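J.: Each residue of the sequence shown is one higher than the last, beginning at 0 in numbering that gives the first Met the number 0.
Virtual Cβ for every residue (Gly too), placed ideally from N, Cα, C.
Remember, it's a predicted structure, so these values are computed and weren't measured experimentally.
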Amino acid sequence: MALTEAEDVDKLFAEYEAQAKADSAAAERKTLKLTNKRQKSMKEIRQEGLDAPIANDNKGFQMLAAMGYQPGRGLGRGLAGQAAPVPVQLKAGRQGVGIEQNKRRKQQEVEQQQKERDLKRARMQQDMRVEHTNTTATKAAHRRAEAHLLQARQVCETLDRRKGVESSEMWPQPPAAAVESDAIQENEAQDSSTSAVEEVAQEPSWEDWPVQAKLALVLDYLRQTYHYCIFCGSQVSFVCRADLECDT
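And the structure:
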């Protein structure tokens with residue numbers, strides 16, 4: 000009998016303990032719910048207060064109204080001033096005042112520097128493309144001029160020999176003669192550099208002239224002397240006008 004009463008007491012205590020735990024959990028849930036509701040309500044109330052215009056019973060509004068301010072109109076004599084109060088910017092976190100502005104400013108500086116680098120890179124690429132195009136065109140024009148010069152010198156030699164001319168600097172130079180001529184010019188340059196007493200100014204030789212200048216001289220010689228144009232491909236009875244009839 001005593002054992003049965005002890006068991007009943009333990010069972011009763013266990014039920015009380017379970018009920019107490021359930022009540023405590025329910026109270027915690029209710030408290031958390033109320034806290035969340037209160038926080039949400041505070042945010043809503045704060046936002047409503049920020050969005051609401053200044054009431055007529057506000058002391059600051061009454062002072063402005065006494066000086067002639069009218070809602071919706073700007074401040075100042077010309078009514079061109081600010082028409083609404085300065086907006087309130089809520090500060091989040093525990094950082095110092097102005098830290099967000101500094102962050103935005105630094106971010107804007109980084110973005111601006113990146114834009115400048117991209118623009119500079121684009122300009123450099125454009126300049127490189129233009130330079131490459133100009134270089135390619137210049138090289139192509141130089142190759143065409145060299146081919147025309149060789150053709151013109153060969154024609155000049157053929158026509159001169161028919162006329163009885165034995166030699167001319169306008170004729171094509173043999174490779175050996177060209178090498179020998181370069182060697183002689185190099186020796187002369189060395190002698191002139193080592194001899195400080197005998198300094199004689201010499202005009203550049205024919206081979207030292209630019210390709211375009213040599214081509215112009217040979218073409219003019221052929222047209223004036225033989226009335227021949229390598230671009231027309233024939234000998235005519237009139238002086239060829241290169242600027243009008245020939246594509247040089």
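For my contact list, Val210 and Arg152 are in at a C-beta cut-off of 8 Å; report their separation, rounded to the angstrom.
T.: 11 Å between Cβ atoms; not a contact.
J.: Let me check understanding here. Comparing Cα to Cα, which of Ala79, Glu156, Leu78 lies closest to Tyr227?
T.: Answer by Cα proximity: Glu156.
J.: Thinking Leu49 and Val85 are a contact (beta carbons under 8 Å), I'd like their distance in whole angstroms, please.
T.: Incorrect: roughly 12 Å between the Cβ atoms, too far for contact.
J.: Please report the straight-line C-alpha distance between Met123 and Lys105, rounded to a whole angstrom.
T.: Near 27 Å, if we compare the C-alpha coordinates of Lys105 and Met123.
J.: Would you decide whether Asp159 is buried or exposed? Buried here means 16 or more other CB atoms lie within 10 Å of its CB.
T.: The residue in question, Asp159, is buried, as its Cβ has 16 or more Cβ neighbours within 10 Å.
J.: Please confirm whether Glu165 and Trp205 have their CB atoms less than 7 Å apart.
T.: No, Cβ-Cβ distance for Glu165 and Trp205 is not below 7 Å.
J.: Identify which residue in Ala121, Asp207, Arg116, Leu221 has its Cα closest to the Cα of Val154.
T.: That would be Leu221, whose Cα lies nearest to the Cα of Val154.
J.: If you draw a straight line from the C-alpha of Gly80 to the C-alpha of Ala26, how long is it?
T.: Cα to Cα, Gly80 sits roughly 55 Å from Ala26.
J.: Could I get the ranges of all uninterrupted beta strand (DSSP E) runs contained in the segment 45 to 116, with 3 residues as the minimum, in chain order?
T.: Whole beta strand (DSSP E) segments, 3+ residues: zero.
J.: What did DSSP end up calling Cys228 once you bin it into helix, strand or coil?
T.: Of the three classes helix, strand and coil, the one that applies to Cys228 here is strand, per DSSP.
J.: Around the Cβ of Leu214, are there at least 16 other Cβ atoms within 10 angstroms (buried) or fewer (exposed)?
T.: Buried, because 16 or more other Cβ atoms sit within 10 Å of the Cβ of Leu214.
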